[in-house]
Each structure stands twice: as structure tokens, then as C-alpha cells.
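Asks: Below is the structure I would like to discuss, written out as C-alpha cells.
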Amino acid sequence: MRVLLVEDDSLLAKATARGLDQMGFVVDIASTAEQAYHFLVSYHYHFILLDLGLPDRNGIEILKSLRRKKNQVGIIILTAQDQVDDRITGLEAGADDFVVKPYDLHEVVARIHAVLRRISGEVGDLIQVGNISINKASKQVLLNQVEIELTHKEFHLLELFTLNRGRVISRENIENSFYAYDVDVSSNVVQVYIHNLRRKLGKNIIRTVQGFGYIMDEQH
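Going by full-length UniProt numbering, the first residue of the sequence shown is number 1, and it counts up by one from there.
Okay, structure coming up:
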């Protein structure tokens, strides 16, 4: 899962990114609103952690801009203990939740997962996709009640498609969800992982949309 962390405190940003990385997230850090906008037009994100007190403009502007464009990416705002008005303004502008600094990273991750569950309409850590059961907490996948072994990357890709059922995902966005922006990706890595998922879970689980990308149909 790829996360954009918008935070101008470099020590806090690096510590947060390091912790999220250890939990399996891919994190890009933007220290200004300008950098955040650059990342947002260049990459596809599943979640944004947004500090409001940026040096070049208020983070609320980023939030409002995304919501005006009907971008429903999950957003948690990061605020100081005494910034009650900012929290209220952020929630009214479309933020999904907030955490107060200094925060516990495990709480942040729990809130990320809670927001994603609300967005995707899933209940708890269990996702049912046709005859496939996915447990996001234990990383267990069952096909017709038989456990299927997936690699870390294969599970990540399966989770990405379940969170975006009914929407086409481009190869570039899939690549971006795997790797940090400064890492080279081989040209056929996406095809390899999708081939593996089809081989293990059924050839119809993911459909190719020629010239656009791949999709997991809503009815699957």
C-alpha cells in the first residue's frame, strides 16, 4: 500500500516513514504543499497522512483541492494537541480522521485500516471476493476454504485489487504501489505477479483491459 506523508518536521517524518515501511507500507515524504502536489499528480496513493502546518501553505488547501476533484483517497490529518479548530475545519473539509501529535504509530496504522474499511465497505479484517476469502490481519487467503500460499507482493497486489473492485488500475499505478518513487522497476514485473495470482486463484480473477490496465470486476 502506497502512502503519501505530508509533514515538514523531518525527524518526525523520517521516523514515521521508517515505522510504516517496517509494517509493509511504501511511503513518500513531502515536506511542503508544492512537493505534495507534485507527488499527487505523479503517483497513485491509497492513503495520505496530512500535516496542516506546512511552510508554504495550509494543508487544508490540499485537502479541499482533492475533494473538489472528487478524489476520495483516505486522508488522516496530523495536528498538535491545541489545534482543535484545525481538526474541526479538516473534518468538515473532508478528512476521514485525525491523530494528535505526538502519536503512537500503531494507532495511526489502526486508523488507516479503519478508514480503508469504511471506504471499501468491508467489515473487520475479512474480505470475501466470490469464492476467495482474504484475512488482512493474518495475511491468509482461502480458495473454496483451502488455504493458498501467496508471497508478500502477491498478497499486496490481491489486496490492491479488492480495495479497487470495479475500477481499472494502470500498470504504472500498480508498479508505484509496490516501490518507492526512486526505485527502478522491470518492465514485466506486473505481468508476472498477475500471472501468478491467476495461476493460484483462477484465470478470471483479474481481467486485462487492453491499453488501460487491469480490473477485478465488482461481481467477482
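Ideal Cβ positions, reconstructed from N, Cα and C, are used throughout, including at glycine.
Note that the coordinates shown come from a computational prediction; the quantities given were computed from them, not determined experimentally.
Please say whether Ile134 and Leu157 have beta carbons closer to each other than 8 Å?
Replies: Position 157 of the sequence shown, counted from the first residue, corresponds to residue 157. Position 134 of the sequence shown, counted from the first residue, corresponds to residue 134. Contact flag unset, no.
Asks: Would you call the region 105 to 121 and the region 145 to 157 touching, i.e. three or more CB-CB distances under 8 Å?
Replies: Contact fails: fewer than three Cβ-Cβ distances are below 8 Å.
Asks: Closer than 7 Å by C-beta to Phe25: which residues in its own chain qualify, once you throw out the five before and the five after it? Chain order, please.
Replies: Position 25 of the sequence shown holds residue 25. If we look at Phe25 and ignore the five residues flanking it on each side, its Cβ neighbours are Met1, Val3.
Asks: Between Arg164 and Tyr43, how many whole angstroms is the CB-CB distance? I'm expecting something under 8 Å.
Replies: To locate residue 164, count along the sequence shown from 1; it is residue 164. To locate residue 43, count along the sequence shown from 1; it is residue 43. It is worth fixing the name first, because residue 164 is Asn in this sequence and not Arg. Wrong, their Cβ atoms sit about 15 Å apart, outside the cutoff.
Asks: Does DSSP put Ala30 in a helix, in a strand, or in coil?
Replies: Taking the sequence shown and counting its residues from 1, one reaches residue 30 at position 30. If DSSP states are grouped into helix, strand and coil, Ala30 belongs with the strands.
Asks: Can you tell me whether Val6 is buried or exposed, with buried defined as 16 or more other CB within 10 angstroms of its CB?
Replies: Taking the sequence shown and counting its residues from 1, one reaches residue 6 at position 6. By the neighbour-count rule (16 or more Cβ atoms within 10 Å), Val6 is buried.
Asks: Classify Val141 as helix, strand or coil using the three-state DSSP reduction.
Replies: As a position in the sequence shown, residue 141 is number 141, starting the count at 1. Of the three classes helix, strand and coil, the one that applies to Val141 here is strand, per DSSP.
Asks: Pick helix, strand or coil for residue 225, following the three-state DSSP scheme.
Replies: This structure cannot settle anything about residue 225, because the visible part of the chain is limited to 1 through 220.
Asks: Taking all protein chains shown into account, do 16 or more other C-beta atoms lie within 10 angstroms of the C-beta of Asp104, making it buried, or fewer, making it exposed?
Replies: If you number the sequence shown from 1, residue 104 lands on position 104. Asp104 is exposed by the Cβ-count criterion.
Asks: At the level of alpha carbons, what is the spacing between Ala137 and Val41?
Replies: As a working mapping, residue 137 is identified with position 137 in the sequence shown. As a working mapping, residue 41 is identified with position 41 in the sequence shown. One C-alpha to the other measures close to 31 Å.
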